[in-house]
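In numbering that gives the first Met the number 0, the protein residues as written are 0 to 171. A virtual CB, placed ideally from N, CA and C, is assigned to each residue, including glycine. It should be emphasised that the depicted structure is a prediction, and the values quoted were computed from it without experimental measurement. Please read the structure below before turning to the comments.
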Amino acid sequence: MSVDTPRRIVLLRHAKAEWSQDSDHERPLADRGRQEAPLAGRRLAGVGITPDLTLCSTAVRTRETWKLVVSELPQRPRTLYDERIYEASLGELIAVLNETPEEVRDLLLVGHNPGVHALADALAGEADGDILTRMNRSGFPTSALAVLTFDGAWKSVEHGVGRLVDFWAPHA
0 MSVDTPRRIV
10 LLRHAKAEWS
20 QDSDHERPLA
30 DRGRQEAPLA
40 GRRLAGVGIT
50 PDLTLCSTAV
60 RTRETWKLVV
70 SELPQRPRTL
80 YDERIYEASL
90 GELIAVLNET
100 PEEVRDLLLV
110 GHNPGVHALA
120 DALAGEADGD
130 ILTRMNRSGF
140 PTSALAVLTF
150 DGAWKSVEHG
160 VGRLVDFWAP
170 HA
């Protein structure tokens with residue numbers, strides 16, 4: 000695959016989680032999260048996005064979210080669970096994206112705020128219509144997803160490289 004191939008990055012925030020006595024990393028999904036996560040999967044399937052690769056945080060709530068999202072997709076992509084995504088800063092998330100194999104065209108990252116929102120905002124050098132305004136006004140709620148496109152190599156992902164083409168949230 001050429002390094003100037005059009006690519007998509009889908010950023011998905013985990014679904015609503017329970018507040019519990021467990022460590023933050025071990026928090027499971029709340030009932031609302033279990034209801035809303037499949038909606039994100041249906042949204043992806045409905046717009047024709049089936050990622051080649053999914054990078055998912057190792058936190059319980061992100062793993063549970065991904066399990067519910069992927070059950071709505073026409074095929075299961077290769078999935079890697081990466082502990083670096085949990086509590087990652089913007090720079091750490093960009094570094095993870097930069098390591099994506101070049102044969103991957105569509106990548107989905109399942110993570111947490113504030114990192115996922117910061118990443119979507121930082122990568123969006125351009126946006127269709129008022130999508131960027133809507134995304135930033137919403138605060139990137141649980142189960143929300145942003146779709147960005149860019150041309151180039153994964154190692155060239157940096158601030159402003161992408162175009163925000165879709166933002167969706169269950170209640171937006």
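So if DSSP puts residue 150 in a beta bridge, which residue, or which two residues, is it bridged to?
For the purposes of this step, residue 150 is taken as the residue at position 151 of the sequence shown. DSSP lists 5 as partners of residue 150.
Check: For residue 67, which of 3, 143, 32 has the nearest alpha-carbon?
Finding: Numbered from its first residue, the sequence shown carries residue 67 at position 68. Of the listed residues, the one whose Cα sits closest to residue 67 is 32.
For residue 109, the three-state DSSP class (helix, strand or coil): Sequence index remark: in the sequence shown, residue 109 carries index 110 (1-based). Of the three classes helix, strand and coil, the one that applies to residue 109 here is strand, per DSSP.
Once the 5 residues before and after residue 110 are set aside, which same chain residues still bring their CB inside 6 angstroms of it? On the sequence shown, residue 110 is found 111 positions in, with the first residue counted as 1. So the list reads 56, 84, once near-sequence residues are dropped.
Alpha carbon to alpha carbon, what distance is there between residue 19 and residue 99? In the sequence shown, counting from the first residue as 1, residue 99 sits at position 100. In the sequence shown, counting from the first residue as 1, residue 19 sits at position 20. Approximately 34 angstroms between the Cα atoms of the pair.
Problem set entry | Within the region 32-104, ranges of the alpha helix (DSSP H) (whole runs, at least 4 residues) | 59-69, 89-97
*Report the option in 132, 160, 62, 154 whose CA atom is closest to the CA atom of residue 96.*
Stepping through the sequence shown from its first residue, residue 96 is reached at position 97. The candidate whose alpha carbon is nearest that of residue 96 is 154.
Original post:
Which first and last residues belong to the beta strand (DSSP E) in which residue 163 is found?
Top reply: Translated into the one-based positions of the sequence shown, residue 163 becomes position 164. Start and end: 161-167.
Give the DSSP-derived three-state secondary structure of residue 117 in the structure shown.
-> Looking up residue 117 in the sequence shown gives position 118. Residue 117: helix per DSSP, three-state reduction.
task = Examine the Cβ distances between the region 119-132 and the region 151-167 and report whether three or more of them are shorter than 8 angstroms.
result = yes
Legend entry - Closest by C-alpha distance to residue 47, when choosing among 146, 157, 168, 25: Working through the sequence shown from its first residue, we reach residue 47 at position 48. Considering only 146, 157, 168, 25, the residue with the shortest C-alpha distance to residue 47 is 146.
For a quick check, are the C-beta atoms of residue 17 and residue 5 less than 8 angstroms apart? Here the question's residue 17 lines up with position 18 in the sequence shown. Here the question's residue 5 lines up with position 6 in the sequence shown. No, Cβ-Cβ distance for residue 17 and residue 5 is not below 8 angstroms.
| query | Straight-line CA distance for residue 13 to residue 60? | reply | Walking along the sequence shown from the start, residue 13 turns up at place 14. Walking along the sequence shown from the start, residue 60 turns up at place 61. Each residue's Cα considered, the two are about 6 angstroms apart.
Span separating the alpha-carbon of residue 49 from that of residue 21: Here residue 49 is taken as the residue at index 50 of the sequence shown, counted from 1. Here residue 21 is taken as the residue at index 22 of the sequence shown, counted from 1. Cα to Cα, residue 49 sits roughly 33 angstroms from residue 21.
Exercise for review: With DSSP as the reference, label residue 125 as helix, strand or coil.
Suggested key: Numbered from 1 along the sequence shown, position 126 holds the residue referred to as residue 125. Per DSSP, reduced to three states, the secondary structure at residue 125 is strand.
Checklist line | Nearest-angstrom Cα separation, counted from residue 144 out to residue 167 | finding: Stepping through the sequence shown from its first residue, residue 167 is reached at position 168. Stepping through the sequence shown from its first residue, residue 144 is reached at position 145. About 5 angstroms.
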